[in-house]
Each structure stands twice: as C-alpha cells, then as structure tokens.
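In the working numbering, the protein residues as written are 1 to 112.
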C-alpha cells in the first residue's frame, strides 16, 4: 500500500482512522512524547486528505522530535506504507520544528 491509499482509507473509513490515530496517540504517550491525547491534532488538506497532523510534545528538543517522527513512520509501516523516500525540515524559516515525511506518492507534515 502506498501513502495515497492509506490517506484514502483514513479519509473514508472512520474505524480505521480511529484505530490509527488512537494507536499513534497511545504510542506517543507511552514514550512520553505527549502528555495528553489532545496533544495530537489531525488536519486535512483542501481535498479532505489527512495529510497533516500536529504533535505538541512536552519538550521541543531534537531527540523528542526525532522519536515522534520515527514512531509515526513505524506505525505507517505497520499499516503497509513502506515507500519512505526522505525526512527533511518542512520550512525551517517559518517553523523549525516542522518536518516533512516524504513518500513516493506524497508526504505527511509532522509539526512538533
């Protein structure tokens, strides 16, 4: 499955969406990256695709950011998305804590 397929599934299948983001939130809480489930906010693009979510970690150090990104990537792999191409700052001039997780057919922006 590529990222576009998962995005469609998350958009159209409420149960999968709930399971995915509940699991992500749980993993981030277990690793003490976030304190509360409200620290993960899901956003959609203009087409309704779930392509951006905001993680509000308890700290802004680089190790915590990387751990949040790796946790997200591992969960995407679990759901069958394995065509990761790169991870790079989304726009360090505007927000130094935003990262773009780029896949062959799209990407997710992780703001932390």
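Heads up, the beta-carbon is just placed ideally off N, CA and C, and yes, glycines get one too.
| message | Less than 8 angstroms between the C-beta atoms of residue 16 and residue 9, yes or no? | response | Here residue 16 refers to the residue found at position 16 of the chain shown. Here residue 9 refers to the residue found at position 9 of the chain shown. Yes; because the gap between Cβ atoms is below 8 angstroms, this pair is in contact.
| Among 23, 68, 44, nearest to residue 78 - alpha-carbon criterion | Counting from 1 along the chain shown, the entry for residue 78 is found at position 78. Closest option to residue 78, Cα to Cα, is 23.
| request: On a CA-only basis, which of 34, 82, 2, 19 is nearest residue 68? Give me that one, please. | output: Here residue 68 refers to the residue found at position 68 of the chain shown. Residue 68 has its Cα closest to that of 34, out of 34, 82, 2, 19.
| Counted within 10 angstroms of its Cβ, other Cβ atoms place residue 65 as buried (16 or more) or exposed | Locating residue 65 in the chain shown gives position 65, counting from the first residue. Counting Cβ neighbours within 10 Å, residue 65 comes out buried, since at least 16 surround it.
| message | Rounding to the nearest angstrom, what Cα-Cα distance links residue 84 and residue 74 in this structure? | response | Along the chain shown, read from residue 1 onward, the residue named residue 84 stands at position 84. Along the chain shown, read from residue 1 onward, the residue named residue 74 stands at position 74. Their Cα atoms are separated by approximately 11 angstroms.
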